[in-house]
Amino acid sequence: IPRYKKGHAGELTVGLLPAMTRSVLAPAFARFTQANPNVAVRVIEAYSGELIERVRAGEMTFAIVPAAPATNTNGLRPSLFARTFELLVSAPGSGHVHGAPVRLADLAPLHLVLPGHENSRRPIIEAYLWANNVSVESRLEFDTAFGTLDLVARGGWSVILPAVMLSRELEKSQDRFAIQPIVDPPFPLDLFLIEPARQITSEAAEGFLECMRVELAHIEQLYASFVGASHRSPASPPALRSPPPPTRGPR
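Per our numbering, the very first residue in the sequence shown carries number 370; after that it's consecutive.
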(Lines of atoms letter the chains of each structure in order from A and count residues from 1; the text may use other names and numbers.)
(Lines give C-alpha, C1' and ligand atoms only; values in the text may rest on other atoms or scores of the structure.)
Protein backbone atom coordinates (compact mmCIF):
# COMPACT_ATOMS: atom_id res chain seq x y z
CA ILE A 1 0.00 0.00 0.00
CA PRO A 2 1.67 3.28 -1.09
CA ARG A 3 0.97 5.21 2.12
CA TYR A 4 2.90 2.65 4.18
CA LYS A 5 6.01 3.03 2.02
CA LYS A 6 6.79 6.54 3.27
CA GLY A 7 8.46 7.97 6.35
CA HIS A 8 10.42 6.30 9.11
CA ALA A 9 9.84 2.93 10.77
CA GLY A 10 10.19 1.70 14.32
CA GLU A 11 8.72 2.35 17.77
CA LEU A 12 8.63 5.37 20.08
CA THR A 13 7.65 5.53 23.73
CA VAL A 14 7.02 9.12 24.73
CA GLY A 15 6.47 10.50 28.24
CA LEU A 16 4.45 13.68 28.75
CA LEU A 17 2.73 15.62 31.52
CA PRO A 18 -1.03 16.30 31.41
CA ALA A 19 -0.27 19.93 30.56
CA MET A 20 1.29 18.73 27.30
CA THR A 21 -1.30 16.13 26.36
CA ARG A 22 -4.36 18.41 26.39
CA SER A 23 -3.43 20.71 23.50
CA VAL A 24 -0.10 19.70 21.99
CA LEU A 25 -0.22 15.92 21.68
CA ALA A 26 -3.18 15.24 19.37
CA PRO A 27 -2.23 17.57 16.48
CA ALA A 28 1.45 16.62 16.76
CA PHE A 29 0.57 12.91 16.77
CA ALA A 30 -1.74 13.30 13.78
CA ARG A 31 0.88 15.16 11.75
CA PHE A 32 3.60 12.67 12.64
CA THR A 33 1.63 9.48 11.97
CA GLN A 34 0.38 10.81 8.64
CA ALA A 35 3.98 11.26 7.52
CA ASN A 36 5.28 8.14 9.31
CA PRO A 37 2.62 5.39 9.24
CA ASN A 38 5.23 2.71 9.99
CA VAL A 39 6.20 4.13 13.38
CA ALA A 40 4.28 2.78 16.39
CA VAL A 41 3.94 5.55 19.00
CA ARG A 42 3.09 4.87 22.62
CA VAL A 43 2.39 7.87 24.86
CA ILE A 44 2.57 7.65 28.67
CA GLU A 45 1.19 10.43 30.87
CA ALA A 46 2.76 10.65 34.32
CA TYR A 47 4.56 12.91 36.79
CA SER A 48 8.04 14.20 35.99
CA GLY A 49 9.79 11.99 38.55
CA GLU A 50 8.34 8.80 37.11
CA LEU A 51 8.97 9.88 33.53
CA ILE A 52 12.60 10.76 34.25
CA GLU A 53 13.27 7.43 35.96
CA ARG A 54 11.69 5.50 33.11
CA VAL A 55 13.90 7.34 30.62
CA ARG A 56 16.90 6.48 32.82
CA ALA A 57 15.85 2.83 32.85
CA GLY A 58 15.64 2.76 29.06
CA GLU A 59 11.87 2.28 29.05
CA MET A 60 11.17 5.52 27.14
CA THR A 61 12.58 7.10 24.02
CA PHE A 62 12.28 10.53 25.63
CA ALA A 63 10.16 12.59 28.00
CA ILE A 64 9.28 16.27 28.16
CA VAL A 65 9.01 17.70 31.68
CA PRO A 66 8.91 21.16 33.28
CA ALA A 67 12.01 20.73 35.42
CA ALA A 68 15.29 19.03 34.58
CA PRO A 69 16.85 17.04 37.42
CA ALA A 70 19.24 19.27 39.35
CA THR A 71 21.19 16.29 40.65
CA ASN A 72 21.66 12.66 39.69
CA THR A 73 21.70 13.14 35.95
CA ASN A 74 23.54 9.85 35.46
CA GLY A 75 22.18 8.11 32.40
CA LEU A 76 20.26 11.19 31.27
CA ARG A 77 20.75 13.87 28.64
CA PRO A 78 18.54 16.88 29.55
CA SER A 79 18.18 19.88 27.25
CA LEU A 80 15.93 22.92 27.07
CA PHE A 81 13.09 22.17 24.65
CA ALA A 82 10.69 25.12 24.82
CA ARG A 83 9.40 27.93 27.01
CA THR A 84 5.80 28.71 27.79
CA PHE A 85 4.12 31.07 30.27
CA GLU A 86 1.78 30.49 33.17
CA LEU A 87 -1.67 32.14 33.20
CA LEU A 88 -4.24 32.78 35.91
CA VAL A 89 -7.52 31.02 35.11
CA SER A 90 -10.76 31.86 36.95
CA ALA A 91 -14.49 31.73 36.27
CA PRO A 92 -16.21 34.57 34.41
CA GLY A 93 -18.05 36.88 36.74
CA SER A 94 -15.66 36.14 39.56
CA GLY A 95 -14.26 39.68 39.46
CA HIS A 96 -11.40 38.69 37.17
CA VAL A 97 -11.35 40.37 33.74
CA HIS A 98 -10.70 38.04 30.82
CA GLY A 99 -7.55 39.10 28.99
CA ALA A 100 -6.51 41.73 31.54
CA PRO A 101 -2.89 41.40 32.71
CA VAL A 102 -2.73 40.66 36.41
CA ARG A 103 -0.09 41.14 39.10
CA LEU A 104 -0.84 38.38 41.56
CA ALA A 105 0.50 40.34 44.54
CA ASP A 106 -2.17 43.00 43.92
CA LEU A 107 -5.04 40.55 44.26
CA ALA A 108 -7.03 39.84 47.37
CA PRO A 109 -6.06 36.49 48.93
CA LEU A 110 -6.65 33.77 46.37
CA HIS A 111 -8.59 30.53 46.64
CA LEU A 112 -6.11 28.53 44.60
CA VAL A 113 -6.22 25.04 43.09
CA LEU A 114 -2.73 23.51 43.03
CA PRO A 115 -1.25 20.33 41.59
CA GLY A 116 -0.12 17.68 44.05
CA HIS A 117 3.33 17.69 45.59
CA GLU A 118 4.47 14.92 43.24
CA ASN A 119 3.84 17.21 40.28
CA SER A 120 7.05 19.10 39.42
CA ARG A 121 5.08 22.29 38.73
CA ARG A 122 3.97 22.47 42.39
CA PRO A 123 7.30 23.70 43.86
CA ILE A 124 7.73 26.06 40.90
CA ILE A 125 4.33 27.64 41.59
CA GLU A 126 4.92 27.79 45.35
CA ALA A 127 8.31 29.44 44.79
CA TYR A 128 6.73 32.11 42.56
CA LEU A 129 3.99 32.81 45.10
CA TRP A 130 6.50 33.12 47.95
CA ALA A 131 9.03 35.24 46.01
CA ASN A 132 6.36 37.69 44.87
CA ASN A 133 4.37 38.00 48.12
CA VAL A 134 1.21 36.51 46.68
CA SER A 135 -1.45 35.95 49.33
CA VAL A 136 -3.34 32.64 49.24
CA GLU A 137 -6.32 32.24 51.56
CA SER A 138 -7.02 28.58 50.81
CA ARG A 139 -5.37 25.81 48.83
CA LEU A 140 -7.08 22.86 47.19
CA GLU A 141 -4.96 20.01 45.84
CA PHE A 142 -6.32 18.58 42.58
CA ASP A 143 -4.30 16.13 40.51
CA THR A 144 -6.64 15.98 37.55
CA ALA A 145 -6.35 18.53 34.78
CA PHE A 146 -9.90 18.21 33.49
CA GLY A 147 -11.37 18.07 36.99
CA THR A 148 -9.50 21.25 37.88
CA LEU A 149 -10.89 23.12 34.87
CA ASP A 150 -14.42 21.94 35.64
CA LEU A 151 -14.09 23.05 39.27
CA VAL A 152 -12.71 26.48 38.31
CA ALA A 153 -15.49 27.00 35.76
CA ARG A 154 -18.04 26.59 38.56
CA GLY A 155 -16.63 29.63 40.36
CA GLY A 156 -14.88 30.42 43.61
CA TRP A 157 -11.47 28.98 42.75
CA SER A 158 -8.60 30.04 40.51
CA VAL A 159 -5.75 27.99 39.04
CA ILE A 160 -2.38 28.75 37.47
CA LEU A 161 -1.96 26.87 34.18
CA PRO A 162 0.60 27.04 31.35
CA ALA A 163 -0.37 28.44 27.95
CA VAL A 164 0.50 25.08 26.33
CA MET A 165 -2.54 23.61 28.07
CA LEU A 166 -4.95 26.32 26.95
CA SER A 167 -4.50 26.67 23.20
CA ARG A 168 -8.18 26.20 22.36
CA GLU A 169 -9.18 28.85 24.91
CA LEU A 170 -6.56 31.28 23.59
CA GLU A 171 -7.46 30.65 19.97
CA LYS A 172 -11.22 31.04 20.10
CA SER A 173 -13.62 33.39 21.78
CA GLN A 174 -14.99 31.64 24.86
CA ASP A 175 -16.96 32.58 27.95
CA ARG A 176 -16.19 29.62 30.20
CA PHE A 177 -13.02 31.06 31.74
CA ALA A 178 -11.46 34.41 32.56
CA ILE A 179 -7.84 33.93 31.50
CA GLN A 180 -5.24 36.52 32.50
CA PRO A 181 -1.55 36.88 31.65
CA ILE A 182 0.57 37.05 34.80
CA VAL A 183 2.84 40.11 34.83
CA ASP A 184 5.23 42.05 37.06
CA PRO A 185 6.95 39.66 36.93
CA PRO A 186 5.81 37.29 34.20
CA PHE A 187 5.79 33.60 35.08
CA PRO A 188 7.76 31.58 32.50
CA LEU A 189 7.83 27.79 32.52
CA ASP A 190 10.71 26.01 30.81
CA LEU A 191 10.11 22.59 29.29
CA PHE A 192 13.01 20.14 29.16
CA LEU A 193 13.64 17.23 26.85
CA ILE A 194 15.00 14.22 28.77
CA GLU A 195 16.74 11.50 26.73
CA PRO A 196 18.93 8.52 27.61
CA ALA A 197 22.53 9.75 27.75
CA ARG A 198 24.00 7.02 25.56
CA GLN A 199 21.25 6.84 23.00
CA ILE A 200 21.47 8.78 19.76
CA THR A 201 18.19 10.49 18.88
CA SER A 202 16.65 8.44 16.09
CA GLU A 203 15.24 10.04 12.95
CA ALA A 204 11.77 8.92 14.02
CA ALA A 205 12.17 10.51 17.46
CA GLU A 206 13.49 13.73 15.93
CA GLY A 207 10.53 13.74 13.54
CA PHE A 208 8.07 13.45 16.44
CA LEU A 209 9.88 16.17 18.38
CA GLU A 210 9.72 18.45 15.35
CA CYS A 211 5.95 17.93 15.12
CA MET A 212 5.69 18.94 18.77
CA ARG A 213 7.86 22.01 18.13
CA VAL A 214 5.46 23.06 15.37
CA GLU A 215 2.49 22.86 17.77
CA LEU A 216 4.37 24.66 20.53
CA ALA A 217 5.32 27.44 18.09
CA HIS A 218 1.64 27.76 17.14
CA ILE A 219 0.66 28.09 20.80
CA GLU A 220 3.45 30.62 21.33
CA GLN A 221 1.91 32.73 18.54
CA LEU A 222 -1.53 32.42 20.14
CA TYR A 223 -0.09 33.50 23.47
CA ALA A 224 1.73 36.46 21.92
CA SER A 225 -1.49 37.59 20.22
CA PHE A 226 -3.43 37.12 23.46
CA VAL A 227 -0.91 39.15 25.45
CA GLY A 228 -0.86 41.84 22.76
CA ALA A 229 -4.63 42.13 22.92
CA SER A 230 -4.42 42.10 26.72
CA HIS A 231 -2.26 45.20 26.77
CA ARG A 232 -5.00 46.96 24.83
CA SER A 233 -7.62 45.86 27.38
CA PRO A 234 -8.62 47.84 30.49
CA ALA A 235 -6.41 47.09 33.48
CA SER A 236 -7.88 44.84 36.09
CA PRO A 237 -8.88 46.34 39.45
CA PRO A 238 -6.07 46.51 42.01
CA ALA A 239 -7.74 44.20 44.53
CA LEU A 240 -10.00 41.58 43.05
CA ARG A 241 -11.89 39.46 45.52
CA SER A 242 -13.38 36.17 44.46
CA PRO A 243 -16.56 34.96 46.15
CA PRO A 244 -15.76 32.40 48.85
CA PRO A 245 -15.58 28.85 47.50
CA PRO A 246 -18.27 26.36 48.49
CA THR A 247 -15.76 24.21 50.37
CA ARG A 248 -12.37 24.80 51.92
CA GLY A 249 -9.34 23.00 50.58
CA PRO A 250 -6.55 21.52 52.64
CA ARG A 251 -4.13 24.11 53.94
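Quick reminder that beta carbons are idealized off the backbone N, C-alpha and C, glycines included.
Here Val383 is bridged, per DSSP, to Val412 and Phe431. In the three-state DSSP reduction, Thr453 falls in the strand class (E or B). Arg491 and Arg567 have their C-alpha atoms some 30 angstroms from each other.
Of the residues assessed, His486 falls on the exposed side of the cut-off, its CB having fewer than 16 other CB atoms within 10 angstroms. The same chain holds no residue with a CB closer than 6 angstroms to that of Leu535 once the five nearest residues on each side in sequence are set aside. For Leu578, the secondary structure class from DSSP, reduced to helix, strand or coil, is helix. If you look at Pro396, you'll find it isn't in any beta strand (DSSP E); it sits in the alpha helix (DSSP H) that goes Ala395 to Ala404. In the three-state scheme derived from DSSP, where H, G and I count as helix and E and B as strand, His486 is classed as coil. If only complete runs of 3 or more residues are kept, the region 480–531 shows the beta strand (DSSP E) at 505–510 and 527–531, in order along the chain. In the DSSP assignment, Ile421 falls outside any beta strand (DSSP E) and within the unbroken alpha helix (DSSP H) covering Ser417 to Arg425.
When only Cα atoms are considered, His465 and Tyr416 end up about 30 angstroms apart.
Setting aside the 5 residues that flank it on each side, Asn443 is surrounded in the same chain by Arg425 and Ala566, each with a C-beta closer than 8 angstroms to its C-beta; the list follows chain order.
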